[in-house]
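Quick note: to get the working numbering, add 472 to the position in the sequence shown (first position is 1).
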Amino acid sequence: MEKLIIHGGRRLEGRVKISGAKNAVLPIIAATLLGQDTVSLLDEVPALEDVTTITEVLNRLGVEAAFDAEKHQLRVDARRIGSCEAPYDLVRKMRASFLIMGPLLARCGKAKISLPGGCAIGTRPIDLHLKGFEALGAKIEIGHGFIEASAPEGLKGTRIYLDFPSVGATENILMAASMAEGQTILENPAQEPEIVDLANYLNVMGAKIRGAGTNVIKIDGAPKLVGAAAMTQGDIYVENAISEHLKPVIAKLKEAGVTIEEDVDGIRVRCDKKTKAVDIKTMPYPGFPTDMQAQFMAMLTISEGTGCVTETVFENRFMHVDELKRMGANIRIDGRTSVVEGVDKLTGCQVKATDLRAGAAMVLAGLVAEGETQVGYIHHIDRGYDDLVGKLVGLGADIQRVDR
Ligand code: EPZ
473 MEKLIIHGGR
483 RLEGRVKISG
493 AKNAVLPIIA
503 ATLLGQDTVS
513 LLDEVPALED
523 VTTITEVLNR
533 LGVEAAFDAE
543 KHQLRVDARR
553 IGSCEAPYDL
563 VRKMRASFLI
573 MGPLLARCGK
583 AKISLPGGCA
593 IGTRPIDLHL
603 KGFEALGAKI
613 EIGHGFIEAS
623 APEGLKGTRI
633 YLDFPSVGAT
643 ENILMAASMA
653 EGQTILENPA
663 QEPEIVDLAN
673 YLNVMGAKIR
683 GAGTNVIKID
693 GAPKLVGAAA
703 MTQGDIYVEN
713 AISEHLKPVI
723 AKLKEAGVTI
733 EEDVDGIRVR
743 CDKKTKAVDI
753 KTMPYPGFPT
763 DMQAQFMAML
773 TISEGTGCVT
783 ETVFENRFMH
793 VDELKRMGAN
803 IRIDGRTSVV
813 EGVDKLTGCQ
823 VKATDLRAGA
833 AMVLAGLVAE
843 GETQVGYIHH
853 IDRGYDDLVG
863 KLVGLGADIQ
873 RVDR
């Protein structure tokens, strides 16, 4: 089994260029299913396991999808869709495969997808996705581990209110409504940057979407969409980071005593003393992002003082706590809050990545821990971080990937 071996305690400094975001690129790839008449060409696609998986899903639908990981380019020819059924083996591997339901329903009037199931961080239901599809006129049937949606007469625009600003449900409904007859008004949608990215891409394909990134999105259905072309104590310049998308994270880092300088090309992050403990509470965008909770907790384990981490988005996203405690962290879980008391130092040992972001947190802990840290189950990390080892080595980290 492959592992990451990290020898901690080294100061990181230099310049690193970040890659495209997993959670922005996956819905855009699903949206290429809407492209009739012309081929879609996507650039700056990060080389991730999840990109490989969703490309495999498209090919199983009879679409021609080819990903060049070297060039970071994905070509999708969805002029013909051979099947509207996504198999269990792929949906089980990556719940984001469920994002093909909206485009298939819009394009073919039907979709049959295996139930995505939960995952390590929570049950992750899809009721809000289905509520949106039904509101647009689709008939939903669930049975034998599959969900079937059908709208033989096409979808009709309507007003939809989301009880929770679900990112996936917002994305699925945007894609379905983009070819519905008439206007759809989506209230209380997710406002994450990836929603804006998806809406921008759909508009380049010929959709008419306004208000993405706000609390009301208006979608005027188009009869046809066409394929389109569309992108971490040290002194680090993070190229391509967009500070607008990271406001709560930047605010909390500054509160912890980190020096942050933002410019048009990226963000410079400097810290030459122990950080101060801060409290964080995850919320839907524009609140503090749940996907940064584990990484921030890793920083808090050696901060000055006690910080409280409250997770309000997923019900079980504290699996990294036990792994951090193995390294000497002092953390007590109290319901949806983890109380993190800063310790002098962490010590390296064998730990595992329990999910994608927890994996990133264990790497960060290894970078500051005394001695050697071995991080196992790194397939989680490969799902969402493009060449994390290469980027950290470029910043002076002693980290390597071994197969043992
Ligand atoms: C997306 O997941 C991301 N995944 C997650 O990133 C991210 O943590 C999450 O949004 C929040 O930002 C992708 O984009 C592929 P949600 P998603 O629907 O769409 C409940 C990572 O580490 N809910 O906003 O599944 C749900 O149970 C991953 O990259 C319903 O109740 O998130 C959860 O508690 C992890 N019913 C909450 O909403 C529904 O129909 C947030 O879910 C849908 C969701």
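Every residue gets a Cβ at the ideal spot worked out from N, C-alpha and C, and that includes glycine.
Do you know offhand how far residue i's Cα is from residue j's?
i                 : j                 : result
leucine 576       : leucine 505       : 7 Å
leucine 514       : leucine 646       : 19 Å
threonine 704     : aspartate 549     : With a pLDDT of 41 at threonine 704, under the threshold of 50, the predicted position of this residue should be treated as unreliable, though the coordinate-derived value follows. One C-alpha to the other measures close to 36 Å.
threonine 686     : glutamate 664     : 9 Å
leucine 484       : leucine 608       : 51 Å
glutamate 620     : isoleucine 850    : 34 Å
isoleucine 681    : isoleucine 689    : 7 Å
isoleucine 871    : isoleucine 501    : 32 Å
leucine 533       : serine 555        : 5 Å
aspartate 744     : tyrosine 633      : 47 Å
asparagine 712    : glutamate 516     : 12 Å
phenylalanine 760 : leucine 587       : 29 Å
alanine 541       : alanine 679       : 29 Å
glutamine 822     : alanine 837       : 12 Å
arginine 631      : methionine 677    : 23 Å
glycine 639       : phenylalanine 570 : First, the amino acid is wrong: residue 639 is valine here, not glycine. C-alpha separation (whole angstroms): 12 Å.
alanine 503       : arginine 579      : 10 Å
isoleucine 526    : glycine 581       : 21 Å
aspartate 522     : alanine 652       : 29 Å
lysine 565        : lysine 628        : 32 Å
isoleucine 490    : threonine 595     : 30 Å
glycine 654       : glycine 693       : 6 Å
valine 874        : valine 861        : 11 Å
Helix, strand or coil for residue i, going by three-state DSSP, please let me know.
i                 : result
valine 730        : coil
glutamate 716     : helix
leucine 506       : helix
aspartate 875     : strand
threonine 656     : strand
methionine 703    : Only weak support exists for where methionine 703 lies, its pLDDT of 48 falling under 50; the value from the coordinates is given anyway. Residue state, collapsed to three classes: coil.
histidine 544     : coil
glutamate 666     : helix
phenylalanine 768 : helix
threonine 675     : Going by the sequence as given, residue 675 is asparagine instead of threonine. Note: asparagine 675 maps to helix in three-state DSSP.
asparagine 788    : coil
isoleucine 805    : strand
serine 810        : strand
threonine 747     : coil
aspartate 956     : Absent from the model: residue 956. The displayed extent of the chain is 473 to 876, so no value can be given.
serine 491        : coil
serine 586        : strand
glycine 554       : coil
lysine 753        : strand
isoleucine 632    : strand
aspartate 515     : coil
alanine 568       : helix
isoleucine 501    : helix
leucine 476       : strand
alanine 869       : coil
Would you mind stating whether residue i and residue j have Cβ atoms separated by less than 8 Å?
i              : j              : result
threonine 762  : glycine 814    : no
isoleucine 585 : valine 563     : yes
methionine 769 : valine 835     : no
alanine 538    : arginine 547   : yes
valine 793     : aspartate 509  : no
lysine 719     : proline 758    : yes
threonine 656  : isoleucine 614 : no
serine 715     : isoleucine 708 : no
methionine 799 : glycine 831    : no
With distances taken from CA atoms, which of the options is nearest residue i?
i              : options                        : result
methionine 901 : Glu783, Thr747, Tyr673, Ala801 : Because the chain here runs from 473 to 876, residue 901 falls outside it and cannot be looked at.
isoleucine 572 : Ala648, Leu513, Thr510, Arg552 : Ala648
lysine 746     : Ile774, Val721, Gly759         : Ile774
valine 730     : Pro695, Asp692, Glu776, Pro758 : Glu776
alanine 701    : Tyr709, Gly831, Val721, Asn672 : Asn672
aspartate 751  : Ile732, Glu734, Asp737, Leu725 : Leu725
glycine 574    : Glu528, Val741, Ala641, Asp806 : Ala641
glutamate 474  : Val847, Ala869, Leu860         : Val847
glutamine 765  : Ala833, Val710, Thr826         : Ala833
Could you pull the start and end residues of the beta strand (DSSP E) that residue i belongs to?
i             : result
arginine 740  : 738-742
threonine 527 : No beta strand (DSSP E) contains threonine 527, which is instead part of the alpha helix (DSSP H) from 521-532.
glycine 615   : 611-615
glutamate 620 : 618-622
aspartate 692 : 688-692
Can you name the start and end residues of the alpha helix (DSSP H) that residue i belongs to?
i             : result
arginine 579  : 573-580
threonine 642 : 639-649
leucine 836   : 828-840
arginine 682  : That residue, arginine 682, is in no alpha helix (DSSP H); its beta strand (DSSP E) goes 680-682.
lysine 603    : 599-607
Looking at residue i and ligand 2, is the gap between the Cβ and the nearest heavy atom below 7 Å?
i           : result
glycine 574 : Absence of ligand 2 from the depicted structure is noted, with ligand 1 being the only ligands included.
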